[in-house]
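Chemist:
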Amino acid sequence: MAVSVSRRITMTRPLEEALFQHFIHQKLEIAYAINKPFPFFEGLRDNNFITDTLYRESLEACRNLVPVSRVVYNILTKPEEQLKCEFLLLKAYCHPQSSFFAETPRNIQDYGEPFKEAMWLDLVKERLTERVYTVAWFLRDMRLIFRNHQMFYKASDFGQIGLDLEAEFEKDLKKMFTVHEAR
């Protein structure tokens, strides 16, 4: 009689980082190991690793004779970018002062000129969950949170809270992405 033993692995920060780095280094080999789109693409779609749109675009690329390995590599690059954005958002939520930036601003009706758009962490989270973000759009929305806060509270000491969170976010961003975009 076989006994099944269930193992639980506690995901620590160093383990998470090691697994992520392993994924990044093995991404090309993974891409070359996939010879046919089925059932790989379906598995990614069914488990919500890719959107229906990316699924359809990937199948179309294969039909247009783009090598399967190239399509798989592109897919793996997009979950990688999603994970980086999710991690940056998580780090922002972990900041001691993040609760002020989490929900719809209570004083949103006071936002007028020069505010064109209000933004908050929960809305960024919702958009990440829906997988509608590119990295550039994610960064734009995160920076919009800080810019709005700075403009709204520029004449008060309360503005420093936004500056602190922004500085922490930018520091984490530089660690996470090797390519730095100009502001």
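For the sequence shown, my numbering assigns the number 997 to the initial residue and increments by one for each residue that follows. Cβ atoms here follow ideal geometry from the backbone N, Cα and C, with glycine treated the same way.
What is the residue span of the alpha helix (DSSP H) that Phe1154 lies within?
Modeler: Neither: Phe1154 is in no alpha helix (DSSP H) and is coded neither H nor E.
Chemist: First and last residue of the alpha helix (DSSP H) that includes Pro1033?
Modeler: Neither: Pro1033 is in no alpha helix (DSSP H) and is coded neither H nor E.
Chemist: Go ahead and label Phe1142 buried or exposed: buried means 16 or more other beta carbons lie within 10 angstroms of its beta carbon, across all protein chains shown.
Modeler: buried
Chemist: Is it buried or exposed, Trp1116, if we count other Cβ atoms within 10 angstroms and call 16 or more buried?
Modeler: buried
Chemist: Taking DSSP as the reference, what is the three-state secondary structure of Gln1093?
Modeler: In this structure, Gln1093 counts as coil in the three-state DSSP scheme.
Chemist: Check the C-beta distance from Val1064 over to Ile1030 and give it rounded, since I have them as a contact under 8 angstroms.
Modeler: 6 angstroms
Chemist: Would Gln1093 and Asp1160 qualify as a contact pair, given that the criterion is a beta-carbon distance under 8 angstroms?
Modeler: yes
Chemist: Give the secondary structure of Val1120 by DSSP, where H, G and I count as helix, E and B as strand, and everything else as coil.
Modeler: helix
Chemist: Would you identify the three-state DSSP class for Ile1071, choosing helix, strand or coil?
Modeler: Reduced to three states, the DSSP call for Ile1071 is helix.
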